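Working notes for the structure below.
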Amino acid sequence: MPELPEVETVRRGLEKYTLDRAITGTEVLLPRTIAHPDTPEEFSFGLRHTKIQTWHRRGKYLYAQLASQATQQQAGWLGVHLRMTGQLLWVESSAEVHKHTRVRLFLGKEREIRFVDQRTFGQMWWIPPSQQPGQVMTGMGKLGPEPFDPAFSIEYFAAKLQKSSRNIKTVILDQNLVAGLGNIYADEALFMSRIHPETPANQLSLAQIELLRESAINVLQTSIDSGGTTFSNYLSVEGTNGNYGGMAWVYNRTKQPCRVCGTPISKMRLGGRGTHYCPQCQGSSGI
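Heads up: the sequence shown begins at 0 in numbering that gives the first Met the number 0, then just goes up one per residue.
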């Protein structure tokens with residue numbers, strides 16, 4: 000699943016290419032992709048003759064503010080969640096339509112946004128101007144603070160961790176705690192903090208918690224600067240791969256030597272998720 004850096008990279012690409020462009024038409028190829036309104040016809044009618052003013056990201060959700068092309072008044076929102084395999088691609092309209100294309104948004108005669116989604120878990124919304132995105136895209140309203148938000152303070156983070164005896168890897172994947180931190184960057188942040196992923200969250204010292212918070216912010220920023228991490232389905236809007244994977248400390252490096260101590264990287268499953276760590280650098284879990 001694309002994580003915060005990948006979604007932010009997509010947002011920046013959409014911001015670069017699609018602002019002030021009118022949506023001249025749509026084609027919904029898989030009706031269940033549309034989460035709101037009730038029918039693809041209503042979705043298409045809501046978007047018709049609007050233009051994209053700006054793109055926002057909240058956690059792993061994307062949403063664009065729309066304006067009427069005729070009156071310039073606010074015309075609602077276009078929401079997207081990529082889920083596991085979703086891609087938003089900025090392509091020439093003459094390009095062959097991929098078999099996993101679910102929705103096409105035409106922005107003029109020559110260019111369009113295509114929502115490509117192999118596993119079909121991705122969703123799109125049109126939200127009328129009388130409502131806010133968080134009211135309709137219900138999962139977005141439950142998210143915790145962004146990692147880069149001042150609300151994600153050491154005081155906030157420490158208070159949350161001290162209430163949980165679950166392993167720290169599972170805790171920091173909770174989107175209600177912090178929005179957008181996923182499996183890849185949780186592994187990386189824990190390595191950078193020298194914390195074993197099985198350590199109970201309430202056993203961490205304040206110094207460890209502070210280092211973990213800083214590491215999470217730093218690894219996310221590094222990945223954003225690198226265009227995200229390349230994995231099976233992630234592409235930027237231009238169709239290019241991300242570059243962070245080549246710099247990863249532990250993620251997807253099972254049995255390869257640790258970049259710090261040379262110990263082979265180990266992998267286990269925690270909460271159903273593959274978890275990469277260095278047995279030497281990250282030491283004992285303390286349990």
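C-beta atoms are modelled at their ideal positions from N, C-alpha and C, and glycine is treated no differently. All of these numbers come straight from a predicted model, not from anything done at the bench.
In the DSSP secondary-structure assignment, HIS35 is bridged to TRP124. Spatial neighbours of TRP125 in its own chain (CB-CB distance under 7 Å, excluding positions within 5 residues in sequence) are listed in chain order as HIS35, PRO36, PHE42, GLY45, LEU46, GLY75, LEU77. Of the other Cβ atoms in all chains shown, fewer than 16 fall within 10 Å of the Cβ of THR137; this residue is therefore exposed. In chain order, VAL6, GLU7, ARG10 place their CB closer than 7 Å to the CB of ARG56, counting only its own chain and leaving out the 5 sequence neighbours on each side. Taking ILE264 as reference, the option from ARG272, CYS280, GLY270, GLY271 with the minimal CA-CA separation is CYS280.
In this structure, the alpha-carbon of GLU213 lies about 46 Å from that of THR70.
In the DSSP secondary-structure assignment, VAL135 is not bridged to any residue. If you look at ARG118, you'll find it isn't in any beta strand (DSSP E); DSSP assigns it neither H nor E. Within the stretch 54–109, complete beta strand (DSSP E) segments of at least 3 residues are found at 60–67, 73–80, 85–91, 100–105, given in chain order. In this structure, DSSP gives PHE114 an extended state, which the three-state scheme calls strand.
According to the DSSP assignment, LYS168 belongs to the alpha helix (DSSP H) that extends over 167–171.
CA-CA distance, LEU203 to GLY273, rounds to 22 Å. A direct Cα-to-Cα measurement between GLN122 and ILE208 gives close to 35 Å.
Shown here, TYR276 sits in a strand according to DSSP, grouped into three states.
The way I'd put it, the stretch 23–30 does touch the stretch 101–108; three or more beta-carbon pairs between them come closer than 8 Å.
Fewer than three beta-carbon pairs drawn from the stretch 249–267 and the stretch 158–170 are found closer than 8 Å, and the two stretches are therefore not classed as touching. Residue environment analysis places PRO132 among the buried positions, since at least 16 neighbouring C-beta atoms fall within 10 angstroms of its C-beta. Rounded to whole angstroms, the separation of the alpha carbons of SER67 and VAL170 is 43 Å.
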